[in-house]
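Here the sequence shown stands for residues 0 to 261, where the numbers follow numbering that gives the first Met the number 0. Heads up, the beta-carbon is just placed ideally off N, CA and C, and yes, glycines get one too.
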Amino acid sequence: MKYLIILLFIWTTHAYNFSKNCGVSTTLGTAGCTPVKGEKRAIVPPGQMPWHVQVNITHKGVSKLLCSGVLITMKHILTAAQCLTVNNTIRPNDKIKIRAGSSLLNEGQFIKPKKISIHPNFTQILPLYIDTPLYEVDLAVVELEYEFNSSLNITPICLPLHENIIKDKDLVIVSGWTTTFDEDNLGGDYFSPGYFFKVHNNLRREALRVIARNATLCKFSYSNGTITPGEDFFCAVNTHIDPYMDLYQGSEDPCTGEMGGP
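Have a look at this one:
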């Protein structure tokens with residue numbers, strides 16, 4: 000989807016638990032969590048988003064990027080349930096690796112899962128396109144075999160102290176490796192069942208703007224305009240897009256081609 004992203008996990012400037020052990024960027028401190036309007040697909044230097052992790056899958060003996068995830072403790076990862084299930088079955092632990100500590104693809108520490116937990120209300124509710132189904136409560140938690148080594152480049156994100164209310168027009172940050180056709184900056188293959196896509200070698204971040212659930216672009220992307228998303232969904236677009244004017248204002252964001260990231 001090149002013109003809109005429906006997000007699961009987004010960092011905003013609302014009140015969070017800024018303890019000394021979470022949410023602190025090595026390069027920018029807590030300012031690393033602050034969206035900058037107009038920021039577009041900026042390369043993330045080492046340590047700037049130390050909570051962003053790679054969820055890799057072993058396919059035919061080779062480790063491939065499957066999804067992104069976010070470190071919520073040194074031993075637990077939050078990601079998208081759709082990444083870790085196939086036909087309502089959880090992927091085998093020995094096929095999955097969680098990699099952290101680097102903004103470069105396929106670098107950093109990696110640990111295997113001890114337990115993968117899928118939210119009990121996770122379900123496919125409506126296929127938007129034939130190969131892009133729509134999910135509700137798309138959440139999974141991965142407990143690792145052991146904790147990541149403490150590092151300046153590995154820090155959990157902060158969880159909210161109370162319900163985080165995200166409003167229309169709020170600025171938020173997304174990050175990911177994103178699919179690419181730039182032959183000079185290929186990082187490797189991104190695996191989606193039955194497909195491989197090329198992704199950037201460097202992690203990217205971008206500021207997006209939250210839009211109202213009843214905005215034309217949000218409803219169209221959610222269900223071809225037939226359903227308004229519920230309160231457990233919200234939509235965000237690139238800051239230069241007018242969500243009330245044009246459905247096809249082509250753009251890409253750092254999560255194009257991958258799920259589960261912050």
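Spatial neighbours of residue 115 within its chain, please: CB distance less than 6 Å, with the 5 preceding and 5 following residues excluded, ordered by chain position.
Counting from 1 along the sequence shown, the entry for residue 115 is found at position 116. Correct list, in chain order: 83, 89, 141.
For the beta strand (DSSP E) containing residue 150, name the first residue and the last one.
Locating residue 150 in the sequence shown gives position 151, where the first residue counts as 1. Neither: residue 150 is in no beta strand (DSSP E) and is coded neither H nor E.
Determine the burial state of residue 122: buried for a count of at least 16 other Cβ atoms within 10 Å of its Cβ, exposed for fewer.
As a position in the sequence shown, residue 122 is number 123, starting the count at 1. Result: exposed.
Residue 274 burial status per 10 Å Cβ neighbour count (16 or more: buried)
The first residue shown for the chain is 0 and the last is 261, placing residue 274 beyond what the model contains.
Every unbroken beta strand (DSSP E) inside the segment 42-89 [3 residues or more]:
51-58, 61-72, 75-78
Could you name the residues of the same chain whose beta carbon sits closer than 8 Å to that of residue 80, not counting the 5 residues immediately before and after it, in chain order?
Against the sequence shown, residue 80 aligns to sequence position 81. Correct list, in chain order: 117, 118, 121, 134, 136, 137, 138, 139.
In angstroms, rounded to a whole number, what distance separates the CA positions of residue 149 and residue 216?
By one-based count along the sequence shown, residue 149 stands at place 150. By one-based count along the sequence shown, residue 216 stands at place 217. Rounded to whole angstroms, residue 149 to residue 216 spans 42 Å at the Cα level.
Taking the Cβ atom as the reference point for each residue, do residue 85 and residue 66 lie within a distance shorter than 8 Å?
Taking the first residue of the sequence shown as 1, we reach residue 85 at position 86. Taking the first residue of the sequence shown as 1, we reach residue 66 at position 67. Not in contact: residue 85 and residue 66 (Cβ atoms no closer than 8 Å).
For residue 235, tell me which candidate among 72, 261, 259, 207 has the shortest Cα-Cα distance.
Working through the sequence shown from its first residue, we reach residue 235 at position 236. That would be 207, whose Cα lies nearest to the Cα of residue 235.
Nearest by alpha-carbon distance to residue 45: which of 170, 260, 151, 218 is it?
The sequence position of residue 45 within the sequence shown is 46, counting from 1. Comparing Cα positions, the closest option is 151.
State buried or exposed for residue 237, treating a residue as buried only when at least 16 other CB atoms are found within 10 Å of its CB.
The count along the sequence shown starts at 1 and reaches residue 237 at position 238. Under this definition residue 237 is a buried residue.
Where does residue 217 fall in DSSP's three states?
As a first step, residue 217 is located in the sequence shown; it is residue number 218 there, counting from the start. Helix at residue 217.
Suppose you measure from the CA of residue 60 to the CA of residue 143; what does that come to, to the nearest Å?
The count along the sequence shown starts at 1 and reaches residue 60 at position 61. The count along the sequence shown starts at 1 and reaches residue 143 at position 144. Taking the straight line joining both Cα atoms gives about 21 Å.
Residue 97: buried (16+ other C-beta within 10 angstroms of its C-beta) or exposed?
In the sequence shown, counting from the first residue as 1, residue 97 sits at position 98. Residue 97 comes out buried.
Simplified DSSP assignment, three categories, for residue 263:
Because the chain spans 0 through 261 in this model, residue 263 falls outside it and cannot be assessed.
From this set, 172, 233, 22, 103, which residue's C-alpha is nearest residue 71's C-alpha?
Translated into positions along the sequence shown, residue 71 becomes position 72. Among 172, 233, 22, 103, the Cα nearest to that of residue 71 belongs to 22.
Would residue 164 and residue 233 qualify as a contact pair, given that the criterion is a beta-carbon distance under 8 Å?
Here residue 164 refers to the residue found at position 165 of the sequence shown. Here residue 233 refers to the residue found at position 234 of the sequence shown. No, these two residues do not count as a Cβ contact at 8 Å.
Presumed contact (8 Å Cβ cut-off) between residue 202 and residue 48, rounded CB distance:
Within the sequence shown, numbered from 1, the residue matching residue 202 stands at position 203. Within the sequence shown, numbered from 1, the residue matching residue 48 stands at position 49. With 8 Å as the limit, residue 202 and residue 48 qualify as a contact, their Cβ atoms being about 7 Å apart.
Could you check the C-alpha separation between residue 108 and residue 153 for me, to the nearest Å?
Here residue 108 corresponds to residue number 109 of the sequence shown, with the count starting at 1. Here residue 153 corresponds to residue number 154 of the sequence shown, with the count starting at 1. Rounded to the nearest angstrom, the two C-alpha atoms are 9 Å apart.
Beta-ladder partner(s) of residue 114, from DSSP:
Taking the first residue of the sequence shown as position 1, residue 114 is located at position 115. Looking at the DSSP assignment, residue 114 forms a beta bridge with 142.
Excluding the 5 residues flanking residue 69 on each side, which residues of the same chain have their C-beta closer than 6 Å to its C-beta?
Within the sequence shown, numbered from 1, the residue matching residue 69 stands at position 70. So the list reads 8, 50, 77, 156, 261, once near-sequence residues are dropped.
In terms of residue numbering, what span does the beta strand (DSSP E) encompassing residue 206 cover?
Looking up residue 206 in the sequence shown gives position 207. Here the beta strand (DSSP E) through residue 206 covers 203-210.
On the DSSP letters alone, give me the boundaries of the beta strand (DSSP E) that residue 236 sits inside.
Translated into positions along the sequence shown, residue 236 becomes position 237. Residues 234-237.
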